[in-house]
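Per the working numbering, the sequence shown starts with residue 24, numbered consecutively. No residue lacks a Cβ here, since even glycine has one placed at the ideal position from N, Cα and C. Note that the coordinates shown come from a computational prediction; the quantities given were computed from them, not determined experimentally.
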Amino acid sequence: MPLVGTRELAAFDSGPLLAEPEGERWELPGCSILQVMYEIDASAVTSLLPPALHPTVPPTVVLTITNVPESPAGAFAMAEARVACRSGARPRGLLIGGFCSTEQAAKMLAARWGYPMKVGDVQLAKRYDRVVGKVEAGGSTVLETTLLNPEPIAGNDIQYLASLNVAKIRRDGATLPRLVQVDPDYVFRSADRGKPELSAFDAPAFGLAGAIPVWPVSASHCVADITMPELRYLVDPARPPLTSVEQF
24 MPLVGTRELA
34 AFDSGPLLAE
44 PEGERWELPG
54 CSILQVMYEI
64 DASAVTSLLP
74 PALHPTVPPT
84 VVLTITNVPE
94 SPAGAFAMAE
104 ARVACRSGAR
114 PRGLLIGGFC
124 STEQAAKMLA
134 ARWGYPMKVG
144 DVQLAKRYDR
154 VVGKVEAGGS
164 TVLETTLLNP
174 EPIAGNDIQY
184 LASLNVAKIR
194 RDGATLPRLV
204 QVDPDYVFRS
214 ADRGKPELSA
224 FDAPAFGLAG
234 AIPVWPVSAS
244 HCVADITMPE
254 LRYLVDPARP
264 PLTSVEQF
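Here it is in structure tokens:
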């Protein structure tokens, strides 16, 4: 039998309300994206996911820091820590919590795509020998990760998981917890890969208590034009995987 998540459903009642789900798509030119993947301790993986999702084998956490120089919300940077999973047969990344550098961007991302973001100091810096991402919140460093010794690759060598954002929707007069599928489009300008390094990761700050990194998997950095999508699918976190997907 395939494994499924066992996380208490109360954990999915705290997401933001999807207030403007039919707004315009955003065009985000020239974004810098650092993505680092780590294998995590398998003993707690089902406790990170709801019953609607399968864990991956091996279990992994995907850490992404994106610097957005231009958007309808102004310039901002955001940090995500997502648990890799499967919704039915399709690979996804569950986002329970993240950080955004401006309150305006955090509110607009939540209203349009259900991103569950807190405000924090999110930084991304590229140097000749490394790319460093760092997040500070509440007076401490909650994430610091690095790509070492970047080597150029083709943009089509990079693949990003579609996100399942923990949020709430209004339906039939009720407010319901749902996982909102967000799958942006990317046009790559440049890309690098390198050795991943993780100096700090406060898993509970991202809503992922128990996600303990144990082994580095990959690291990539790119500059890309991002198009934020129209919403098409939702996942009911309480239902079994084969019946949990809903049309938006």
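Assignment of P114 by DSSP, reduced to helix, strand and coil, places it in the strand class. A residue is called buried when at least 16 other Cβ atoms come within 10 angstroms of its Cβ; E47 does not meet this threshold and is exposed. Counting along the chain, no beta strand (DSSP E) covers R150, and no H or E run does either. For A96, the closest C-alpha among the options N188, V268, C123, L76 is that of C123. Contact between the stretch 153-161 and the stretch 63-75 is absent: fewer than three C-beta pairs spanning the two stretches fall below 8 Å. Counting only runs of at least 3 residues, the stretch 173-260 fully encloses the following beta strand (DSSP E) elements, listed from N- to C-terminal order: 185-194, 197-205, 208-224, 236-250, 256-258.
According to the DSSP assignment, E126 belongs to the alpha helix (DSSP H) that extends over 126-136.
When V258, F271, L171 are compared, the shortest CA-CA separation from G111 is found for V258.
Scanning its chain for C-beta atoms nearer than 7 Å, with the 5 sequence neighbours on each side dropped, one finds around V268 the residues S110, G111, Y256, V258, in chain order.
About 12 Å separates the Cβ atoms of S243 and T169, ruling out a contact at the 8 Å cut-off.
In the three-state reduction of the DSSP assignment, P52 falls in the strand class.
Our two residues, G28 and E220, have alpha carbons roughly 28 Å apart in a direct line. The straight-line gap separating the alpha-carbon atoms of L40 and A128 is approximately 15 Å. In this structure, the beta-carbon distance from V145 to A228 does not fall below 8 Å.
In terms of CA proximity to A34, P260 leads the group P264, P260, Q270. Residue pairing of F99 in beta bridges, as defined by DSSP: V91.
Beta-bridge pairing by DSSP links G121 to E103, M140.
With a contact defined as Cβ atoms closer than 8 Å, G143 and A160 qualify at about 3 Å. With a contact defined as Cβ atoms closer than 8 Å, A185 and V205 qualify at about 7 Å. In the three-state reduction of the DSSP assignment, L57 falls in the strand class.
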